[in-house]
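Each number in our numbering comes from the position in the sequence shown (counting from 1) with 1117 added on.
Glycine included, C-beta positions come from ideal geometry on N, C-alpha and C.
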Amino acid sequence: MPKRSFILIITLFIAAQAHAFCGFYVAKGDTKIFNRASQVVIVRDQDRTVMTMANDFQGSARDFAVVIPVPTKIERGQIHVAEKALIDHLDAYSSPRLVEYFDPDPCTPVPPPAPMRNAVSEAITVTGSAPAMRAKSLGVTIEAKYTVGEYDILILSAKQSSGLETWLTENGYKLPNGAAYVLGSYIRQNMHFFVAKVNLGEQARLGFNYLRPLQVAYESPKFMLPIRLGTVNANGAQELFVYAITTRGSVETTNYKTVKLPSDVDVPLFVRNDFSPFYKALFTEQVKREDMSAVFLEYAWNMSWCDPCASEPLSQDELRKLGVFWLEAGSNVFLTRLHVRYDREHFPEDLVFQETGDERQFQARYVLHHPAKTGQCEAAIAYRRELHQRQEREAENVAELTGWNVEEMRRKMHLDTASVTPAEKKWWEKIW
């Protein structure tokens, strides 16, 4: 397997059916369908931030290293190692999803609707040494060093980028060309540097064969995510998923446009088996239309419930482990999921966020409609006419969302009927 190690804020590391009200949840556009997909959970209230980073890393653990600019010095008690399952659950809960409905037989009276169901969550110091002296001679100060779980952590400050670059290189951190310029911009902002390497002995002792997410808590008025170091040595564009958990509504970027993805769009039945390529093509098309200069909103919802539920909301225990520190009776926990495809050319600045106070719900959601098997009543004739028009719109919708050829979509819709029973196929032939 090829080795890959990005030195950045984040070197960060379809489904079975689940029943939900208002249709069946079928599939999700989760992070696993994207290459080089990094995940960051940011829990934020006032000036306090808890950031959890999952590592997109291939190769031997001995090659892993991460350099994270942070706005303040970090103490030992502010660093933790989290469980990847927490982020996986958050990803499943907030992923763009495909839902399906079944048309009622127009010849059968429609029963009154069932009451809506909400899925509610549970009750919501460094001594003098030769290395330290060498660091000091380069203008680098080792503020602190810790071992946390399987990671050896250093907290650094520096006076100049060339000295920091030299120190990192001498200590086995492979910096890409151009890193000094970006490091220098953080030094001028008086930021510190959180540096982590895997302690192989601790990893073996703990029994883990994968890298667990790192979690850092700090207080700062800066609500931001440094991404520029990650663009210096990236081989092509990268995917970043940000899960922002706040108390006062959705989160957006202030220095880049935040755009809602198209949602609640009817799509053809064949998308049921092709949701991963469909969603990847959809996202790529939206990135293209925004000239790769926007951050996309995939989900915004109060975490006490969901509709439809791609996954149950996180429990209070899970939220606390992610750093949600304000949990009390009646407390508000609002999740915003942002997705950005970025590179150095189109994202020259770090991401800066703000809470909007907007608690309107949003999800990237795509809808399947299964045709009814009808009788010969008068309503059925009108239904079949409308059904054909609806399927034309569905083909056009997919072409518009993805950039795929609309004629190919129509052909694929027609071929999709080949798997139905002979009786159903005869019925389809009447339509087509």
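Sequence-distant residues of its chain with Cβ nearer than 8 Å to residue i (five each side left out)
i: A1202; result: none
i: R1437; result: L1444
i: F1325; result: E1267
i: L1431; result: L1203, H1206, L1207, Y1210, S1238, M1420 and L1439
Same chain, Cβ closer than 6 Å to residue i, five either side skipped, listed in chain order
i: Y1416; result: S1211, R1454 and Q1480
i: T1242; result: Below a pLDDT of 50, predicted positions are generally treated as unreliable, and T1242, at 38, falls in that range; the measurement from the model is reported next regardless. Taken in chain order, the list of residues that qualify is empty.
i: H1463; result: M1409 and S1410
i: E1517; result: none
i: Y1483; result: L1215, V1382 and V1384
i: E1476; result: G1366
i: N1372; result: E1466 and V1469
i: D1269; result: K1314 and N1316
i: R1461; result: T1348
i: L1357; result: S1155 and V1457
Cα-Cα separation between residue i and residue j, rounded to whole angstroms
i: V1257; j: I1304; result: 11 Å
i: Y1335; j: M1168; result: 9 Å
i: C1139; j: D1147; result: Only weak support exists for where C1139 lies, its pLDDT of 38 falling under 50; the coordinates are left without a value.
i: A1171; j: D1208; result: 12 Å
i: R1345; j: F1219; result: 47 Å
i: A1240; j: F1451; result: Legend: pLDDT at A1240 = 34, less than 50; position of this residue unreliable, no value from coordinates given.
i: A1092; j: K1276; result: Beyond the ends of the chain as shown, which are 1118 and 1549, falls residue 1092; an answer cannot be given.
i: I1364; j: T1473; result: Checking the sequence, you will find Thr at residue 1364 rather than Ile. If I take the Cα positions, the gap works out to 11 Å.
i: K1374; j: V1412; result: 6 Å
i: T1449; j: Q1433; result: It is Asn, not Thr, that sits at residue 1449 in the sequence shown. One C-alpha to the other measures close to 12 Å.
i: H1486; j: K1377; result: 23 Å
i: F1310; j: V1388; result: 45 Å
i: A1427; j: Y1263; result: 39 Å
i: S1302; j: V1441; result: 31 Å
i: L1386; j: V1523; result: 15 Å
i: Q1320; j: E1200; result: 14 Å
i: Q1506; j: Q1403; result: 26 Å
i: V1312; j: V1368; result: 28 Å
i: R1501; j: Y1396; result: 29 Å
i: E1192; j: P1379; result: 43 Å
i: A1512; j: R1528; result: 9 Å
i: S1551; j: N1419; result: For residue 1551 there is no data in the structure shown, the boundaries of the chain being 1118 and 1549.
i: S1274; j: L1414; result: 35 Å
Buried or exposed by the 16-neighbour rule on C-beta atoms within 10 Å, applied to residue i
i: P1213; result: buried
i: G1353; result: exposed
i: I1204; result: buried
i: L1323; result: exposed
i: C1423; result: buried
i: K1503; result: Here the sequence assigns Glu to residue 1503, which means Lys is not the residue at that position. Result: exposed.
i: K1314; result: buried
i: H1456; result: buried
i: A1499; result: exposed
i: R1510; result: exposed
i: E1217; result: buried
i: A1496; result: exposed
i: R1161; result: buried
i: A1154; result: buried
i: M1250; result: exposed
i: G1492; result: exposed
i: G1289; result: exposed
i: N1514; result: buried
i: Q1478; result: exposed
i: T1370; result: buried
CA nearest to the CA of residue i, picked from the options
i: E1435; options: F1470, H1206 and P1223; result: H1206
i: V1198; options: M1308, L1331 and A1496; result: L1331
i: T1166; options: V1457, P1188 and E1524; result: P1188
i: S1421; options: Q1403, I1196, I1362 and L1300; result: I1362
i: Y1459; options: P1425, A1297, K1405 and L1518; result: K1405
i: D1164; options: R1482, V1299, F1470 and N1288; result: F1470
i: D1223; options: Y1327, C1494, V1515 and E1192; result: This sequence places Pro at residue 1223; Asp is not what is there. Among Y1327, C1494, V1515 and E1192, the Cα nearest to that of P1223 is on C1494.
i: D1391; options: F1151, D1162, V1184 and L1215; result: L1215
i: W1521; options: L1328, T1401 and Q1320; result: T1401
i: A1398; options: T1519, R1153, L1271 and F1311; result: T1519
i: L1328; options: G1280, L1273, V1299 and V1265; result: V1265
i: Q1195; options: Q1403, L1271 and N1372; result: L1271
i: S1278; options: D1269, G1289 and A1252; result: A1252
i: N1307; options: D1269, S1337 and N1294; result: S1337
Whole-Å CB distance - residue i paired with residue j, under 8 Å assumed
i: L1317; j: A1182; result: Actually they do not touch by this definition, with Cβ atoms about 13 Å apart.
i: M1530; j: Q1508; result: 6 Å
i: V1349; j: V1299; result: 6 Å
Cut-off 7 Å between Cβ atoms - residues of its own chain near residue i, not counting five sequence neighbours on either side
i: L1292; result: I1124, E1282, L1285 and T1286
i: V1359; result: V1157, I1159, L1342 and L1455
i: K1190; result: E1260, I1272 and H1309
i: P1488; result: D1220 and L1504
i: K1339; result: P1188
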